[in-house]
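A.B. asks: FYI, in the working numbering the residues of the sequence shown are 40 to 562.
We put the CB at the ideal spot given by N, CA and C, even for glycine.
Everything numeric in this text was worked out from a predicted model, so none of it was measured.
Here it is, the structure in full.
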Amino acid sequence: MAVFFKESIKGPLIRLIAAMCSGVLLTLAYPQADLWWIAWFAFLPLLFAVRNKSWSAAFGLGFLTGLIHNIGLVYWVDGVMRQYGGLPWYASIPLLFLLAVYLSVYMGLFAAFTRKGPVRPLRSLFFAPALWVCLEYVRTYLITGFPWGLLGHTQYQNLEIIQIADLTGAYGVSALIILVNYGLYLLGASLYSGTLFGPTLSRTRGMLAILLTGMIVGGAYYYGVFRLDQVKQSCKGAEAIEVAVIQGNIDQNIKWNPAYQEHTVDTYVRLTKSAVSPKTELAIWPESAMPFYFSATEPFLTARVLNEAREDHLYLLTGSMSFERTENEPIFYNSAFLIGQNGKVLGKYDKAHLVPWGEYVPLKKYMPFINNLVEQVSDFSPGRKGEALPANGVSLGVLICYEIIFPSLARHQVLDGANLLVTITNDAWFGRSSAPYQHFSTAVFRAVENRRAVARAANTGVSGFIDPTGDILAATNLFVEDSRTTSLPLLKTETLYTELGDLFAFICMGLVMILMFAGPKPK
40 MAVFFKESIK GPLIRLIAAM CSGVLLTLAY PQADLWWIAW FAFLPLLFAV
90 RNKSWSAAFG LGFLTGLIHN IGLVYWVDGV MRQYGGLPWY ASIPLLFLLA
140 VYLSVYMGLF AAFTRKGPVR PLRSLFFAPA LWVCLEYVRT YLITGFPWGL
190 LGHTQYQNLE IIQIADLTGA YGVSALIILV NYGLYLLGAS LYSGTLFGPT
240 LSRTRGMLAI LLTGMIVGGA YYYGVFRLDQ VKQSCKGAEA IEVAVIQGNI
290 DQNIKWNPAY QEHTVDTYVR LTKSAVSPKT ELAIWPESAM PFYFSATEPF
340 LTARVLNEAR EDHLYLLTGS MSFERTENEP IFYNSAFLIG QNGKVLGKYD
390 KAHLVPWGEY VPLKKYMPFI NNLVEQVSDF SPGRKGEALP ANGVSLGVLI
440 CYEIIFPSLA RHQVLDGANL LVTITNDAWF GRSSAPYQHF STAVFRAVEN
490 RRAVARAANT GVSGFIDPTG DILAATNLFV EDSRTTSLPL LKTETLYTEL
540 GDLFAFICMG LVMILMFAGP KPK
């Protein structure tokens with residue numbers, strides 16, 4: 040029996056099962072399951088499966104892991120495109136599959152380039168995390184970018200560990216997870232060398248690998264403990280603003296029906312009046328809360344909103360569509376309007392990073408036939424990046440929906456002077472899937488990276504507040520009318536990440552190049 044197991048573990052079927060197990064484990068580490076601790080060993084089956092395999096075989100196994108994981112992570116894309124994007128099933132399902140295939144290429148590359156780790160264990164211990172960071176960085180920016188579900192996002196509730204994001208961004212947390220996985224892998228390979236895992240790896244090197252891993256993770260943890268206390272103390276001494284976020288829970292099926300426009304405005308005004316107090320300075324309504332061209336059409340409804348700000352002496356931020364007239368044709372934007380306490384519009388932010396296939400059709404200029412498949416896709420134009428909205432000593436860095444997943448957008452808002460980050464969204468598209476929770480988790484990292492409080496207003500949830508340490512102060516349930524009010528600190532200091540951006544990712548790129556090409560190649 041022992042001989043059978045010894046040989047079978049090296050067989051293709053066992054390797055395929057191991058690769059699929061890693062895909063399932065990884066998905067469970069993300070919201071909504073939130074089994075974050077699984078991420079610290081989820082890669083082990085894959086790493087053992089690709090041990091001593093060819094480049095192409097390792098890539099295939101890694102690709103399989105990625106495919107299982109990514110379909111499980113972004114399965115909701117099909118429903119969104121079909122129900123709300125107007126795409127037929129024969130377009131939405133292939134697009135979901137293509138997205139999963141694209142994302143899985145990164146996992147395949149990771150597996151292929153790390154398959155010979157135990158041959159040079161200490162080098163590979165640092166190579167693997169650096170390579171992973173490079174792959175995540177490329178995914179964040181390549182084509183239009185899609186940094187949804189970065190590995191570090193699994194740890195959004197692990198406050199001590201995520202504090203390093205003010206130095207490295209979320210990439211640093213991802214690197215720690217890969218480091219632990221690889222350290223455990225090398226330890227396992229050293230304990231069972233010559234049986235399950237191929238060529239011999241000395242136990243001394245395996246123990247050294249796990250010792251180095253423990254030292255690095257321990258250092259990151261104690262940095263987190265120190266920064267948590269330091270930032271909490273800074274928050275206590277900082278100026279603060281009382282903010283209310285309003286969750287209208289407007290059904291997506293009636294949201295754009297003109298017959299329900301007045302009902303929608305009434306809902307937000309009613310919820311706002313019940314949520315605010317004389318101390319409340321800012322109320323935030325979700326993305327496209329006003330289902331018309333605010334301040335350009337529907338003068339009666341626009342006046343209702345302006346009067347609400349005036350009556351309750353509030354700054355009011357609301358999402359709405361907007362447009363600009365040009366000589367040729369109007370330009371449409373997905374916007375956020377800031378209304379002053381005097382009931383006048385003070386400024387407007389236009390969404391800068393649009394959702395492909397949701398807010399615009401990529402390459403439609405070159406492939407006009409696509410329009411026949413996607414008649415209901417919006418046709419917005421991008422606004423300018425990094426334009427904070429000032430409001431009586433408070434500067435709002437607004438991020439609309441999908442923009443919160445891009446670290447550079449929040450960073451540019453802070454560099455433009457924002458001392459409070461505001462994200463407004465309409466996650467009704469996602470239904471009761473895991474997507475609203477995944478979306479919310481990314482806001483935690485924007486808070487830590489820039490040491491700014493985050494206020495989030497979502498039409499159907501999750502709405503809430505996050506302090507500059509990433510601590511979630513309040514969060515609503517899905518698909519209920521609700522509101523939350525709290526006092527948020529207004530920090531002004533800039534972090535290393537805010538000032539230098541993705542320096543850590545560039546360091547990892549350099550490290551990968553050095554470790555790949557320096558020194559003799561393993562046989």
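Quick one, are the C-beta atoms of glutamate 353 and alanine 322 less than 7 Å apart?
C.D. replies: With the sequence shown as reference, residue 353 is identified as leucine, and glutamate is not the correct amino acid for it. Yes. Within cutoff.
A.B. asks: Go to threonine 357, then tell me how far its beta strand (DSSP E) extends in each direction, as first and last residue.
C.D. replies: Residues 354-363.
A.B. asks: Have a look at Val119, Pro84, Ile285 and Val384 and flag the residue whose alpha-carbon is nearest the alpha-carbon of leucine 65.
C.D. replies: Per the Cα distances, Pro84.
A.B. asks: Assess contact between the stretch 54-70 and the stretch 78-98, defined as three or more Cβ pairs (one per stretch) separated by less than 8 Å. Is contact present?
C.D. replies: As far as the Cβ criterion goes, the stretch 54-70 touches the stretch 78-98, which means the pair count is three or higher.
A.B. asks: Go ahead and pull the three-state DSSP assignment for leucine 530.
C.D. replies: DSSP places leucine 530 in coil when its eight states are reduced to three.
A.B. asks: Residue range of the beta strand (DSSP E) that glutamate 538 falls in?
C.D. replies: Element bounds for glutamate 538: not the beta strand (DSSP E) but the alpha helix (DSSP H), 535-539.
A.B. asks: Specify, as a first and last residue, the run of the beta strand (DSSP E) that isoleucine 444 falls within.
C.D. replies: Taken as a continuous stretch (DSSP letters only), isoleucine 444 belongs to no beta strand (DSSP E), as it is neither H nor E.
A.B. asks: Taking the alpha-carbon positions, what's the valine 551 to valine 116 distance?
C.D. replies: When rounded, the distance between both Cα atoms is 33 Å.
A.B. asks: Return yes when the Cβ of alanine 97 is within less than 7 Å of the Cβ of isoleucine 566, no when it is not.
C.D. replies: A question about residue 566 goes unanswered here, because the residues of the chain that appear run from 40 up to 562.
A.B. asks: What number of angstroms, rounded off, separates the C-alpha of tyrosine 221 from the C-alpha of leucine 164?
C.D. replies: Approximately 6 Å, taken between the alpha carbons.
A.B. asks: Looking only at its own chain, which residues have a Cβ that is under 6 Å from the Cβ of threonine 207, when we skip the five neighbours before and after it?
C.D. replies: Contacts found: Phe543.
A.B. asks: Should aspartate 268 be labelled buried (16 or more other beta-carbon atoms within 10 Å of its own) or exposed?
C.D. replies: Label assigned to aspartate 268: exposed.
A.B. asks: Taking only the alpha-carbon atoms, compute the straight-line gap between alanine 72 and serine 472 and give it to the nearest angstrom.
C.D. replies: The straight-line gap from Cα to Cα measures roughly 11 Å.
A.B. asks: Of all the options Gly118, Thr179 and Tyr210, which has the alpha carbon lying nearest to the alpha carbon of cysteine 547?
C.D. replies: When only C-alpha atoms are compared, the closest one is Tyr210.
A.B. asks: Given that a residue counts as buried once 16 or more other Cβ atoms are within 10 Å of its Cβ, and exposed if not, what is tryptophan 171?
C.D. replies: The residue in question, tryptophan 171, is buried, as its Cβ has 16 or more Cβ neighbours within 10 Å.
A.B. asks: Could you tell me whether the stretch 193-204 touches the stretch 450-467, using the rule of 3 or more Cβ pairs below 8 Å?
C.D. replies: No contact exists between the stretch 193-204 and the stretch 450-467.
A.B. asks: Considering only residues of the same chain and omitting the five flanking positions on each side of glycine 382, which have a CB-CB separation below 7 Å?
C.D. replies: Taken in chain order, the residues that qualify are Leu345, Asn346, Ala348 and Arg349.
A.B. asks: At what residues does the beta strand (DSSP E) containing aspartate 389 begin and finish?
C.D. replies: Element bounds for aspartate 389: 384-389.
A.B. asks: The alpha helix (DSSP H) that contains isoleucine 110, what's its start and end?
C.D. replies: Isoleucine 110 -> alpha helix (DSSP H) spans 94-112.
A.B. asks: For a quick check, are the C-beta atoms of leucine 377 and leucine 385 less than 7 Å apart?
C.D. replies: Yes.
A.B. asks: Which stretch, first to last residue, makes up the beta strand (DSSP E) that contains serine 38?
C.D. replies: With the chain covering 40 to 562 only, the question about residue 38 has no answer from this structure.
A.B. asks: With isoleucine 289 as the anchor, note down where its alpha helix (DSSP H) starts and where it stops.
C.D. replies: Per DSSP, isoleucine 289 belongs to no alpha helix (DSSP H) and is neither H nor E.
A.B. asks: Would you call the stretch 511-528 in contact with the stretch 275-289, where contact means no fewer than 3 C-beta pairs closer than 8 Å?
C.D. replies: With a cut-off of 8 Å, the stretch 275-289 and the stretch 511-528 count as touching, because enough Cβ pairs lie within range.
A.B. asks: Once DSSP output is grouped into helix, strand and coil, what is the label at valine 172?
C.D. replies: The answer is helix: DSSP assigns valine 172 an H, G or I state.
A.B. asks: Closest to alanine 58 by C-alpha separation, out of Gly379, Thr193, Thr104 and Phe504, would be which residue?
C.D. replies: Alanine 58 has its Cα closest to that of Thr104, out of Gly379, Thr193, Thr104 and Phe504.
A.B. asks: Can you give the Cα-Cα distance for lysine 312 and serine 522, rounded to whole angstroms?
C.D. replies: For lysine 312 and serine 522, the distance between alpha carbons rounds to 10 Å.
A.B. asks: Which of the three DSSP states is assigned to glycine 222 in this structure?
C.D. replies: Glycine 222 falls in the helix class under three-state DSSP.
A.B. asks: Does the stretch 322-331 touch the stretch 359-370, meaning 3 or more C-beta pairs lie closer than 8 Å?
C.D. replies: With the cut-off at 8 Å, the stretch 359-370 and the stretch 322-331 touch.
A.B. asks: Compare the beta carbon distance of serine 480 and proline 70 with 7 Å and say whether it is the shorter of the two.
C.D. replies: Yes, these two residues count as a Cβ contact at 7 Å.
A.B. asks: Got a sec, what are the start and stop residues for the beta strand (DSSP E) leucine 459 sits in?
C.D. replies: Taken as a continuous stretch (DSSP letters only), the beta strand (DSSP E) holding leucine 459 covers 459-464.
A.B. asks: Helix, strand or coil: which one does DSSP assign to threonine 525?
C.D. replies: Strand at threonine 525.
A.B. asks: Could you spell out where the alpha helix (DSSP H) holding phenylalanine 339 opens and where it closes?
C.D. replies: Unbroken alpha helix (DSSP H) run through phenylalanine 339: 338-350.
A.B. asks: May I have the straight-line CA-CA distance separating asparagine 373 from glycine 191, to the nearest angstrom?
C.D. replies: Their Cα atoms are separated by approximately 29 Å.
A.B. asks: Applying the 10 Å Cβ sphere with the 16-neighbour rule, what's the burial state of threonine 508?
C.D. replies: Buried is the call here.
A.B. asks: Quick check: what's the CA-CA separation for arginine 244 versus leucine 161?
C.D. replies: About 8 Å.
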